[in-house]
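A.B. asks:
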Amino acid sequence: MSDNDSGKRYGARYGKRIRSKVSEIEKDQKSKHECPECGSDSLKRQAKGIWKCEKCGNKIAGGAWRPKTKGKSMVERVLEKSGEE
Ligand SMILES: [Zn+2]
4 MSDNDSGKRY GARYGKRIRS KVSEIEKDQK SKHECPECGS DSLKRQAKGI WKCEKCGNKI
64 AGGAWRPKTK GKSMVERVLE KSGEE
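The sequence shown runs 4 to 88 under the numbering used here.
(1) Using 8 Å as the cut-off, classify the Cβ of residue 29 as near or not near the heavy atoms of ligand 1, replying yes or no.
(2) Would residue 1 pass as a contact of residue 51 if the rule is Cβ separation under 9 Å?
(3) Just checking residue 84 against ligand 1 - is the residue's beta carbon closer than 8 Å to any of the ligand's heavy atoms?
(4) Going by Cα to Cα distance, which pick from 20, 21, 46 is closest to residue 65?
(5) Residue range of the beta strand (DSSP E) that residue 56 falls in?
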């Protein structure tokens, strides 16, 4: 009865894992990353998938939480199509 219930509500079971993952992501999100353009650690997350270098102003599209992902993200493709500002 309640056993069946807890089986369905797996959310709590995975809570810890997800929470640690989230804090990892948050750390990553807040920390600065290396700009591929000028090489300085000034790359900051602007929005989901958008990273901007505070030093040279280079704007790149990447992963939602990290500047680089394997392959191209959808955002990256969209940005490529729309061209730069
Ligand atoms: Zn830069």
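Beta carbons: idealized from backbone N, C-alpha and C, even for Gly.
C.D. replies: Per the coordinate set shown:
(1) no
(2) Only positions 4 to 88 of the chain appear in the structure, and residue 1 is not among them; the question remains open.
(3) no
(4) 46
(5) 53-56
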